[in-house]
Every structure is written in C-alpha cells, then in structure tokens.
Amino acid sequence: MLEARAISYAYEKDSPVLHDISIGIMPGEVVFLLGRNGCGKTTLMRCLTGIFQPDTGVVLLDGQNIRTIRPAERAQRVGLIPQIHSPAFAYSVHDIVLMGRAPYLGLFGKPSEADHTVANDAIARVGMIEFRDRPYTQLSGGQQQLVMIARGLTQQCDILLMDEPDAHLDPRNRHRIMSIVRNLIRDNLTFVISSHTPNHALAYGDRVLLLRDGRTLALGSPPETLTETLLSAAYGMDIEIIFQQRNGRTVPRAILPRQDEFI
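If you count the sequence shown from 1, position 180 lands on 212 in my numbering, and the numbers rise without skipping.
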C-alpha cells in the first residue's frame, strides 16, 4: 500500500541523510524504524508522507507517486503524528484533536456534530477525556503526546506514522499507546513508528527497519533484525538480549546495554 523505492534525500547538496532506502509497508502491520539520533528516521517518515520529495527514487501510495496526490486527499490516507507540537494559541484539547478532521472539510468548512463525536471518541480512547476542555499548553509533555495521538486517530487515515510516540511517557502510558496501536490494526490500520525503544519493536512490532547513517542495516521481522550483532552495530555500543523459554521455544524477552561496559 505504501512503498519507498530506492529513495535518497539531502538537506544540503552532497550530504545525503538517506541513502537508497527501499521498504514496502503492507496493510495492517506495525513497522518500527530504529537507529541512533540523526540516522534518518524522521526524514524518512516525512518522505513517506509526501512532505519531502526524495532527491532520487519515489514513494508510491497504491502504486501512485504520492507527490502527485492532492494534499487533502493524501492526508485522508496517510497521517503523521510529530514528536513535538507547539501551538501558537492555548487551544483546548478538544480543539487540537478536532483539527484532525481538517482533510475532510472544505476551505471554509465547519466541523459537523459527527466530526465532534469522532474527536471525543479519540480523546476517550487515549484516556484524556477528563482533560477535554483544558488548554493544551497546560498539559505535561506526556499528556500532550497522548492528545496528538488522539488527533491522528481523528484523521481516520489508512496509514499512521508516529514519530517517537513513546517520548515523555511513563511506562503505563507507553503500554497504553502500544496497546491502542495493536488494537487498531484489527481495523486494517497500518502504523510506521519511529522509536528509541527497541523493546517496543520486540513486543509490538511486525517488522523492523534498522538504520545506520541513513542506510538500511537490516529489514525484517523482530527476531531477524533485533540481534545483538545488528543492534550493537546500529547503536555503536554493546547490546545483549535476554532470552526466555516459552512453549518449548527460546524467544527474546528484553534488549539491554551490556552491563560489563559500565563496571
């Protein structure tokens, strides 16, 4: 449904941030993008949404160059939840979430009662209904992230790209967000998630794209990509994986920095 074919991108000439990245994202799967800061995760997500045009290669949505699709139509299909959002005014939580309906309104369109209902349902789904009328600017960083995820749900697109949705969240809310993601794929919603938490990719992901210096280091299922060798190469530090016996099989349970590095 969404495919990048050999895309490269540079903010400055002769200094590419992405090098020849290819990935096909299928309906109803959760794909994690992992790698160090500056490896190209956010840039790749902006190319996948059509915000950035690759210098080489192409991004296709159902076989069509995504840059040739009208922005409003594109936004009905592919949504992006940014890592940081700072509104200019103290909009209420409900108003921020309701902005997710913008792709469905005309230039001077007014949200309908049904649009308000969609927004309220999304707010409730992320556990923020008690903050519905509170100014967004008065929320904690973690609460703001939950509101942005609710706005992405309100957009009701087919593919939702999330840039570090677990940033600023405590363990309970991290689990809540990842559980929401896993529940939504039952409705054939597709997720691409940029993260600094390999354990989330291990627990909740269907596939992983592991990046290093803007290049594909590995692409495949979590057991194929989340190995000690590959993760150590991706993050430039020694990684160890804790395994567990489950139903007669040895499966990876947790990803940790190798402790003897700090002794």
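Every residue gets a Cβ at the ideal spot worked out from N, C-alpha and C, and that includes glycine.
For residue i, the nearest candidate out of the options (CA to CA)
i           : options               : result
residue 194 : 69, 33, 115 and 46    : 115
residue 158 : 146, 201, 142 and 110 : 201
residue 41  : 62, 85 and 65         : 85
residue 188 : 78, 146 and 227       : 146
residue 208 : 277, 156 and 164      : 156
DSSP three-state assignment for residue i, whether helix, strand or coil
i           : result
residue 291 : helix
residue 279 : coil
residue 121 : coil
residue 81  : helix
residue 204 : helix
residue 101 : coil
residue 164 : coil
residue 143 : coil
Per DSSP, cross-strand counterpart(s) of residue i
i           : result
residue 195 : 226
residue 55  : 36
residue 48  : 42
residue 186 : According to DSSP, residue 186 bridges with nothing at all.
residue 96  : 93
residue 111 : 192
residue 240 : 64 and 252
residue 88  : 40
Neighbour-count burial assignment, residue i, 16 or more Cβ in a 10 Å radius
i           : result
residue 210 : buried
residue 56  : exposed
residue 48  : buried
residue 54  : exposed
residue 43  : exposed
residue 137 : exposed
residue 105 : exposed
residue 45  : exposed
residue 39  : buried
residue 295 : For residue 295, the predicted model reports a pLDDT of 49, less than 50, meaning its position is unreliable; a value from the coordinates is still stated below. Exposed, since its Cβ has fewer than 16 Cβ neighbours within 10 Å.
residue 96  : exposed
residue 121 : exposed
Beta-carbon proximity check, residue i vs residue j, cutoff 9 angstroms
i           : j           : result
residue 23  : residue 258 : With the chain covering 33 to 295 only, the question about residue 23 has no answer from this structure.
residue 256 : residue 272 : no
residue 181 : residue 212 : yes
residue 267 : residue 68  : yes
residue 379 : residue 113 : Within the shown structure, residues of the chain are numbered from 33 to 295, placing residue 379 beyond reach of any answer.
residue 52  : residue 247 : yes
residue 178 : residue 205 : yes
residue 240 : residue 65  : yes
residue 129 : residue 81  : no
residue 233 : residue 254 : yes
residue 276 : residue 282 : yes
Heavy atom of the ligand SAM within 8 angstroms of residue i beta-carbon
i           : result
residue 132 : Because no ligand of any kind appears in the structure shown, any question about the ligand SAM cannot be addressed here.
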